[in-house]
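J.:
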C-alpha cells in the first residue's frame, strides 16, 4: 500500500495533511485571496469587531485599522518559511553531525555528542533567546537560533539510526562491493533512516512555529513591517481588554498550524513504525 | 550504582565547562564594546579606560574567562549594569517565584494527566479515548503565551477573581503567615495569583504526561503477567490498579521529573505574560537593557538547575527500578 493511501486511511494523519496542505495553498495564493491590503492602515476603522456574515472585515481590524484576515493570510507565508528554513537547517546540521558521529565513532563521536549535550543543557527557549540576544533580533536570526536549538535532537536520532543500521548485512554488502564511506553513509544508511527523520522533522515544524511566535512575542523575532502571527499577537496585547479579536485569531492561526503538523507527524509515526508509538 | 553516579558526575564536567564558555561568550559576541555599555552614553575616554582596567577587560579573553569563572564559583556574578546591585542577590530574589510556579504547574498537570491517561487506556478505542487524545494533542500544540492571554481575556477579566498580573506575597510567605497568625488569607491570596499562570505553563507537560500514561499502560496491559492475572480470574479493577499501574508509572514519573527542568527554564514566556517576578522575566528584561551580567548569571543558573535536575531524575530512576543495569 502506498504511503499516501496509508495517510488517507489514518484519520489523524489525514486531518493533519489537510491542514498542512491548506496552509501551503493559503500561502501560495495569498495575493489572490486577500480581501484587503494587509499593510494599509485606515484610522477611521480601528478595532472593528469581527463580522462573519455581512461585514467588509470578516475578522475585524487591528489597532491601525488593518484587515486582520488579510494579515493572517499573508502571515502564513512567514510561518511556512519559518518551518522550512529552521527545520531544514537543523535537519542538515543534525544529519551531517549525527551521521558522522555514528558512522565514524570513537573520539569524533564523543566530541560531537558532547557538544550536542552542551546545547541540550539549556532549556531550549532560553537558548534561543540567548542566541537572538547575541546576534540581534530579526527573522533570519530567529531562524538560526531555532535551528541551533533543534539540531541536537536531529543529530541524536540520526546517530542512533546509523549505529543500528551500520552493522546490517546490506551495509556489509555495499562495502564488499567497494562503495566509499560517503556513499555508504548517505546513500545506503541514511536512506533507510528516512522515515523516523521525516517524523521528527514534521513534529519539529510545529515546535519551530511556536518558538518563532514566542520570540516574536518577546520582540526578538520577526520585525515590522514583516507580518508574522507571533508579532500580530504581541502587538495586539495592549488592546486585549477591549479588542481581543486580533489576539484571538492570530493565536488561533498558530494553534491550528501547529496542531496540523503534530497530527501529521503523529500519524506518520504510526504508519512508518507502530513500535515508536508513544 | 555508585560507579554510575560518579561517571555521570565526571561526564557533567565538560558539559558544564562548555555551558559556562557559551554564557561567558555572550557579552563578547554581542555587537558593541561591553565597556561602552557599562560606562553609559557620553562617557569620557578616561572613564572608559578606567572601567576597562577595573573589570580586567584589557586582559586576553582566556584570562578574563578564568577570572570570571573563579568569581562565579565563589558565588560572585558581578554587579548589574542597570540596577547597580549584586547579580547573585537579584537572581536569588527571583528564584523562589520561578520554582513555585514550576512546581505548582507540574503538580496541577500531574493531577489532571494521570487519571486522564489511565481512563484513556482502560477505555481504549472508545469515544472518550479518542477525545482525550485529541485534547492532549491540542495541549501540546497550543502556544502557551496565547493560552495565557486567552485565560486573561476570557477568564480573569470577566470573573474579576484572578489577579491579572504579579505574584502577591507568594505561597511560602502564606504558609509562614499561617503558622505565625493562624490565618490562611495570605496563602489563598498566593493561590489566586498562581492558578492562571500555572495552567498556562503546565498545559503542555500535562498533555505529554496524559499521552505517555495512556501508551505505557496500554503497553503493560499486553504483558504476559497481565494475561496470567486475567486467567486467575482477578477483577479488571485489581489488574489495572494493582498489577499494571505500578509498572506503568515508572516512565511517567521520570518524564514528569524531567519536565521540572524544562518548566523552570521554559517559563520565560509565561512569566512575561503574567508579569510573574521569576528569573525568566529578569533575563528577558535584562536582554532589552543589555544588562549582560544579569543575562549571564540568569542563564547559567537555569541551565545548571536544568542539568542537575535531569541528573537527579536519572539517578533516582535507577534507584527505584532495580531492573535498570548500569554498565
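Residue numbers (our numbering), protein chains in the order written: chain A, 1 to 278; chain B, 279 to 605. All residues carry an ideal CB built from backbone N, CA and C; glycine is no exception.
(1) Under 8 Å Cβ to Cβ from residue 245/A, same chain only, skipping five residues before and after it: list those, please.
(2) Run down chain A in chain order and give the residues with a C-beta less than 7 Å from the C-beta of residue 358/B.
(3) What residues in the region 252-269 of chain A have a beta carbon less than 9 Å from any beta carbon of chain B?
(4) Taking C-alpha atoms, which residue in 583/B, 507/B, 500/B and 492/B lies nearest to residue 557/B?
(5) What distance in whole Å lies between the Cβ atoms of residue 591/B and residue 536/B, which are believed to be in contact at a cut-off of 8 Å?
(6) Rounded to the nearest angstrom, what separates residue 363/B and residue 449/B at their Cα positions?
(7) Count the other CB atoms, across all protein chains shown, that sit within 10 Å of the CB of residue 586/B; report buried if there are 16 or more and exposed otherwise.
(8) Check distances from the C-beta atoms of the region 418-437 of chain B to those of chain A and list, in chain order, the residues that come in under 9 Å.
(9) I need the boundaries of the alpha helix (DSSP H) containing residue 356/B, first residue and last residue.
(10) Spatial neighbours of residue 99/A within its chain, please: CB distance less than 7 Å, with the 5 preceding and 5 following residues excluded, ordered by chain position.
(11) For residue 502/B, which beta-bridge partners are listed by DSSP?
(12) Is residue 61/A helix, strand or coil when you go by DSSP?
(13) Find the residues of chain A that neighbour residue 584/B, judging by a C-beta separation of less than 8 Å, and give them in chain order.
(14) Given this structure, state the Cα-to-Cα distance separating residue 452/B from residue 434/B, to the nearest angstrom.
(15) Within 10 angstroms of the Cβ of residue 331/B, are there 16 or more other Cβ atoms? Answer buried if so, exposed if not.
(16) Considering only residues of the region 149-232 of chain A, which uninterrupted alpha helix (DSSP H) runs meet the minimum length of 4 residues and lie entirely inside it, listed in chain order?
(17) Return the chain-ordered list of same chain residues with a C-beta closer than 7 Å to the C-beta of residue 473/B, the five sequence neighbours on each side being excluded.
(18) With a threshold of 6 Å on Cβ separation, who are the neighbours of residue 575/B within its own chain once the five nearest residues in sequence on each side are excluded?
(19) What are the residues in the region 170-203 of chain A lying within 8 Å of chain B by C-beta distance?
(20) So for residue 123/A, helix, strand or coil by DSSP?
(21) On the three-pair Cβ rule with 8 Å, is the region 82-89 of chain A touching the region 128-143 of chain A?
(22) Would you kindly work out how many angstroms separate the C-alpha atoms of residue 507/B and residue 494/B, rounded to a whole number?
(23) Alpha carbon to alpha carbon, how far is residue 671/B from residue 381/B?
(24) Quick check: the Cα distance between residue 150/A and residue 53/A, rounded to an integer number of angstroms?
(25) Beta carbons nearer than 9 Å to chain B: which residues of the region 87-119 of chain A have them?
(26) Give the residues of chain B in contact with residue 247/A, contact being defined as C-beta atoms less than 9 Å apart.
(27) Please confirm whether residue 214/A has its beta-carbon closer than 8 Å to some beta-carbon of chain B.
(28) Measuring only the C-alpha atoms, how far is residue 210/A from residue 288/B?
(29) Checking 8 Å against the spacing of the C-beta atoms, do residue 102/A and residue 263/A come in under that value?
(30) Closest to residue 95/A by CA distance: which of 232/A, 208/A, 182/A and 219/A is it?
(31) Answer with yes or no whether the minimum CB distance from residue 580/B to chain A is below 8 Å.
(32) Count the other CB atoms, across all protein chains shown, that sit within 10 Å of the CB of residue 247/A; report buried if there are 16 or more and exposed otherwise.
(33) Is there a C-beta anywhere in chain B that falls below 8 Å from the one on residue 224/A?
(34) With DSSP as the reference, identify every bridge partner of residue 364/B, one or two as the case may be.
(35) What does the alpha-carbon distance come out to for the pair residue 202/A and residue 459/B?
T.: Working from what's here:
(1) 49, 50, 59, 60 and 68
(2) What residue 358/B touches in chain A: nothing, since even the nearest Cβ is about 16 Å away.
(3) 252, 254, 255, 256, 257, 258, 259, 260, 261, 262, 263 and 266
(4) 583/B
(5) 5 Å
(6) 26 Å
(7) exposed
(8) 418, 419, 420, 421, 422, 423, 424, 425, 427, 428, 430, 431, 432 and 435
(9) It is not in any alpha helix (DSSP H) - residue 356/B carries neither H nor E in the DSSP assignment.
(10) 158, 162, 185 and 190
(11) None; residue 502/B has no bridge partner.
(12) strand
(13) 121, 122 and 123
(14) 22 Å
(15) exposed
(16) 169-176 and 194-217
(17) 440
(18) 355, 365 and 369
(19) none
(20) coil
(21) yes
(22) 18 Å
(23) As displayed, chain B neither begins before 279 nor continues past 605, which places residue 671/B out of reach and without an answer.
(24) 42 Å
(25) 114, 115, 117, 118 and 119
(26) 424, 427, 428 and 431
(27) yes
(28) 35 Å
(29) no
(30) 182/A
(31) yes
(32) buried
(33) no
(34) 357/B
(35) 55 Å
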